[in-house]
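What follows is a short report on a single structure.
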Amino acid sequence: MRPGLAALLLAVLASGAPSLAACAAAQAASPFEVVPRRPSDPRSYRAAWIAAFAGVALVASSFPLADEADRRYALYLSEVDVDRIDERYRSTQRMDRLASGSLLAGEALLATAVWLRFVRGDRHERVSRSRVSLDLRTDRCAVALRF
9 MRPGLAALLL AVLASGAPSL AACAAAQAAS PFEVVPRRPS DPRSYRAAWI AAFAGVALVA
69 SSFPLADEAD RRYALYLSEV DVDRIDERYR STQRMDRLAS GSLLAGEALL ATAVWLRFVR
129 GDRHERVSRS RVSLDLRTDR CAVALRF
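Residue numbers (this note's numbering): 9 to 155.
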């Protein structure tokens, strides 16, 4: 390319650049679209609180039950009457299973309470919101992926 032609082309491009920059600045200065927040109904966490208190009660009650199972096992070990040994062993097993069941049920209720209170989303959001959404309009194109 000839140096004179290259200089002329560069001068034409340089003279048009400020007007392009002003146009971009004017577009950037336009305000953002105001998206109103959807009014949300206050959620009731009554089920979560009930599950939490029941879980705490079951976990707390498992400790005295385990102590009683240990006391019954000590009686089983010290028993000398052959007829009562089987009865004491069954009693010990029953109390130990009751303590274990109380502890497991309490922990399950506590996990359920945490899920109900903090993890589970609003029912309206779950129904209306999809995992992938595509927003095509004249002024924008957006793809959103939610986990």
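For glycine and all other residues, C-beta sits at the position ideal for the given N, C-alpha and C.
Three-way DSSP call (helix, strand, coil) for R10 in this model: Looking at R10 - three-state DSSP - the assignment turns out to be coil, as it is neither helix nor strand.
Runs of alpha helix (DSSP H) lying entirely within the stretch 45-121, each at least 4 residues, in chain order: Fully enclosed alpha helix (DSSP H) runs of 4 or longer: 54-86.
DSSP-derived helix/strand/coil call for R125: helix
Residues of its chain near T100, where Cβ-Cβ distance is below 7 Å and the 5 sequence neighbours each way are ignored: The beta carbon of T100 sits closer than 7 Å to the beta carbons of A77, R80, Y81 and Y84 from its chain, once the five residues preceding and following it are set aside; these are given in chain order.
Contacting residues, own chain, Cβ-Cβ under 7 Å from R102 (five flanking each side not counted): none
Selection from D49, S23 and A56 that minimises the alpha carbon distance to W123: A56
Spatial distance of A121 from G114 (CA atoms): 10 Å
L117 vs A74 beta-carbon contact at 9 Å: no
Nearest-angstrom Cβ-Cβ length linking E87 and R96, presumed shorter than 8 Å: 5 Å
Closest residue to A119 among A59, P39 and G12 (Cα-Cα distance): Measuring from the Cα of A119, the nearest candidate turns out to be A59.
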